[in-house]
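Participant: Numbering (UniProt numbering), first residue to last: 1 to 497.
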Amino acid sequence: MACQLPADCLEEIIEFLETDKFTLYTCLLVNRFWCKISVRILWRNTFDFIYHEKSSNIYPSILSTLIACLPDESKNLLYNNGISISPPTSKPLLFNYASFFKTLSIFGISRMIASVLKDKLSLISKDKNSLVVNEIIKMFANQIPSLKKLNYYHHYYYNNHKFNISFPQFPGMSDLSELCCKSDLPSDFFYQLTQICHNLQSISVDFSSSIKDELKELISSQNNLKNFNLSAFNGGSWNDIIPVITEHSHTITKLKFRSDDDSSFSFISSFSNLQELLFSFLDGVLEDFRRLQYVNFPKLQILKIPYKCPKPEYVIKFLENNGKNLKKFYTSENDKDLSLSIAQFCPNLKSLFIVFNDGELDILKTILINCQYLESIKIRCGKDCLSEKEVLETVARYSPNNFRELKIHHHITCSDASPNDLESFFMCWERRTPKKLLSFIIIGELPFTIIGNMEYHLYCGYNSFEALKVIEKYENLGTIKFVTKSEGEVDEEEEYF
Numbered sequence: 001m002a003c004q005l006p007a008d009c010l011e012e013i014i015e016f017l018e019t020d021k022f023t024l025y026t027c028l029l030v031n032r033f034w035c036k037i038s039v040r041i042l043w044r045n046t047f048d049f050i051y052h053e054k055s056s057n058i059y060p061s062i063l064s065t066l067i068a069c070l071p072d073e074s075k076n077l078l079y080n081n082g083i084s085i086s087p088p089t090s091k092p093l094l095f096n097y098a099s100f101f102k103t104l105s106i107f108g109i110s111r112m113i114a115s116v117l118k119d120k121l122s123l124i125s126k127d128k129n130s131l132v133v134n135e136i137i138k139m140f141a142n143q144i145p146s147l148k149k150l151n152y153y154h155h156y157y158y159n160n161h162k163f164n165i166s167f168p169q170f171p172g173m174s175d176l177s178e179l180c181c182k183s184d185l186p187s188d189f190f191y192q193l194t195q196i197c198h199n200l201q202s203i204s205v206d207f208s209s210s211i212k213d214e215l216k217e218l219i220s221s222q223n224n225l226k227n228f229n230l231s232a233f234n235g236g237s238w239n240d241i242i243p244v245i246t247e248h249s250h251t252i253t254k255l256k257f258r259s260d261d262d263s264s265f266s267f268i269s270s271f272s273n274l275q276e277l278l279f280s281f282l283d284g285v286l287e288d289f290r291r292l293q294y295v296n297f298p299k300l301q302i303l304k305i306p307y308k309c310p311k312p313e314y315v316i317k318f319l320e321n322n323g324k325n326l327k328k329f330y331t332s333e334n335d336k337d338l339s340l341s342i343a344q345f346c347p348n349l350k351s352l353f354i355v356f357n358d359g360e361l362d363i364l365k366t367i368l369i370n371c372q373y374l375e376s377i378k379i380r381c382g383k384d385c386l387s388e389k390e391v392l393e394t395v396a397r398y399s400p401n402n403f404r405e406l407k408i409h410h411h412i413t414c415s416d417a418s419p420n421d422l423e424s425f426f427m428c429w430e431r432r433t434p435k436k437l438l439s440f441i442i443i444g445e446l447p448f449t450i451i452g453n454m455e456y457h458l459y460c461g462y463n464s465f466e467a468l469k470v471i472e473k474y475e476n477l478g479t480i481k482f483v484t485k486s487e488g489e490v491d492e493e494e495e496y497f
């Protein structure tokens, strides 16, 4: 007789598949026991998954399931307004899927409905689209017992029409731990949250030109706020909210700034417990960094400056004061003195991205020698940058014992590494002691082709199938794990936007 794992043990195993929705889906088909456990995990963060364009093909199935979960009153209302969406099956649903949701995205709901109904309704039927959105939100408000994350943004669809959304009373939001929203949402929404939510761990706000007092009260009322993400584009500003954020200077550990101009951020000098900082500015000179360069953040471990960088001398001084504890440092700046300062001031780095100019291979070598805890590095190769052939030789020879991930970003031109160069690098890696699986990640932007049973993206920048066959050979041998990613995927992973 087959042995069956206890439910709590199986659930813990299946939890690891949470982000792999397609594999998680196959668990539903094993048997009823697996299905009952898997279905809750599969559905709870559905809107984190369907946000992406590549998932639009499953919109109809998800929407029809949610429509089937609606109470009869809502179904009749939609039918009387000429909206008919067939359920996924003629049989009663096995589960109340709506009650499984732990993450809710108003943008995700609106986008899914707009996509599915665009062929069913004329483009002037925005009121009917809004009707579906509001009935589904109302259902979630009544059926989700404990909501953990809410993403509430207004977005424009098709000919710049905006959905007319009314947010109902939502008792399940008392357990909310993460909120993402725009600052110009209705005051009643922020007031409702202030009455029932006092334990938000993370708040992300896209600031417009106006900030409501109710939003300030909501932020002020939180007991243990840890993460705050501030975004301001197209004239938006977070300046009016700074005094309220500063109230949480002793509890906030992560701050992320995203803007298209020189928005102020020097107020963070009093945030003594910061562990992670992101400055994602598309323009401006980031003059506030002149004041920050002298501030000591004793717990700072992650610093990311992916786009516009402050003056290198400011960053160098900042690293002199804070580099010792840094575990991750990313910047797109290509300054020789800044690169050398990493080797001098950041001995405990585990992950690094910085742009090396052509001819700066000796600086890469110095960093690999001085940063003995380094596990991962992202290097841009191509025009005006380092040669991949030389990078492979340098990494093979000088990378520290803990090193296990090499990210090559092919910039403009194709790789200059030949199949023989790749073969030599992988053979050298195979002989390393102790042995470690190398994640060999190629970043770029072109279509893909297929070799054998494996997919390889041509944006990896290799000109010949021979190079790809070498990669396949060493992946099959267990020497490397080969991954291809687009620039957009990397930006999303690192939360640059």
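Glycine is no exception: its CB is placed at the ideal position from the N, C-alpha and C atoms.
Nothing here was measured: the structure is a model prediction, and the numbers come from that model.
Tell me which residue opens and which closes the alpha helix (DSSP H) that S183 is part of.
Facilitator: Looking at the DSSP string, S183 is not in any alpha helix (DSSP H), and its letter there is neither H nor E.
Participant: Which of the three DSSP states is assigned to F482 in this structure?
Facilitator: Residue state, collapsed to three classes: strand.
Participant: Report, in whole angstroms, the separation of the C-beta atoms of N357 and C385, which I expect to be a contact under 8 angstroms.
Facilitator: Indeed they touch by this definition, with Cβ atoms about 7 angstroms apart.
Participant: Look at the alpha carbon of E493 and the alpha carbon of V30, and state the distance between them as a whole number of angstroms.
Facilitator: C-alpha separation (whole angstroms): 32 angstroms.
Participant: Would you kindly report the start and end of the unbroken beta strand (DSSP E) that includes G172?
Facilitator: First-last for G172: undefined, no H or E at that position.
Participant: What separation, rounded to the nearest whole angstrom, lies between the Cα atoms of F190 and E214?
Facilitator: Looking at the two C-alpha atoms, the distance is approximately 6 angstroms.
Participant: Starting from R111, trace the beta strand (DSSP E) in both directions and tell me its first and last residue.
Facilitator: Looking at the DSSP string, R111 is not in any beta strand (DSSP E); the run it does join, the alpha helix (DSSP H), is I106 to L117.
Participant: Given a threshold of 16 other Cβ atoms within 10 Å of its Cβ, counted over all protein chains shown, does H409 qualify as buried or as exposed?
Facilitator: With 16 or more other Cβ atoms within 10 Å, it is buried.
Participant: Tell me the DSSP secondary structure of Y158 in three-state form.
Facilitator: Since pLDDT at Y158 reaches only 37, below the 50 mark, its modelled position is unreliable, and the value read off the structure follows with that caveat. Y158: coil per DSSP, three-state reduction.
Participant: Y152 bridges to which residues according to DSSP?
Facilitator: For Y152, which the question treats as bridged, DSSP gives the partners C181.
Participant: Taking the Cβ atom as the reference point for each residue, do S177 and K148 lie within a distance shorter than 7 angstroms?
Facilitator: Contact flag set, yes.
Participant: Can you tell me which of Q344, A232 and T366 puts its alpha carbon nearest to the alpha carbon of L282?
Facilitator: The candidate whose alpha carbon is nearest that of L282 is A232.
Participant: Taking C-beta to C-beta, are I41 and I14 nearer than 7 angstroms?
Facilitator: Yes, the Cβ-Cβ distance between I41 and I14 is below 7 angstroms.
Participant: What is the DSSP secondary structure of N229, reduced to helix, strand or coil?
Facilitator: Of the three classes helix, strand and coil, the one that applies to N229 here is strand, per DSSP.
Participant: Judging by CA-CA distance, which residue of L326, P171 and S259 is the nearest neighbour of L352?
Facilitator: Comparing Cα positions, the closest option is L326.
Participant: Apart from the five residues just before and just after Y157, which ones in its own chain have a Cβ nearer than 6 angstroms to its Cβ?
Facilitator: In this prediction, Y157 scores a pLDDT of 46, lower than 50, which makes its location untrustworthy; no coordinate-derived value is stated.
Participant: Just list the residues that DSSP pairs L438 with in beta bridges.
Facilitator: L438 pairs with I480.
Participant: Quick one: what's got a C-beta closer than 6 angstroms to K138's C-beta in the same chain, skipping five residues either side?
Facilitator: So the qualifying residues of the chain are P168.
Participant: Any idea which residues DSSP pairs F329 with across the strands?
Facilitator: Answer is L303 and L352, bridged to F329.
Participant: Quick one: grab the DSSP three-state call for L446.
Facilitator: Note that L446 scores a pLDDT of 49, beneath 50, so its modelled location is shaky; the value from the coordinates is reported in the next line. Coil.
Participant: Nearest-angstrom Cα distance between S249 and S272?
Facilitator: Cα-Cα distance, rounded: 7 angstroms.
Participant: Thinking C-alpha only, which one of S263, L225 and K21 is nearest L45?
Facilitator: The residue asked about is misnamed: residue 45 is Asn in this sequence, not Leu. Selected option, being the one with the closest Cα: K21.
Participant: Could you tell me which of I443, D72 and D416 sits nearest to I377, measuring between CA atoms?
Facilitator: The option with the nearest alpha carbon to I377 is I443.
Participant: Is it true that the CB of E375 sits closer than 7 angstroms to the CB of P419?
Facilitator: No, they are not a contact pair.
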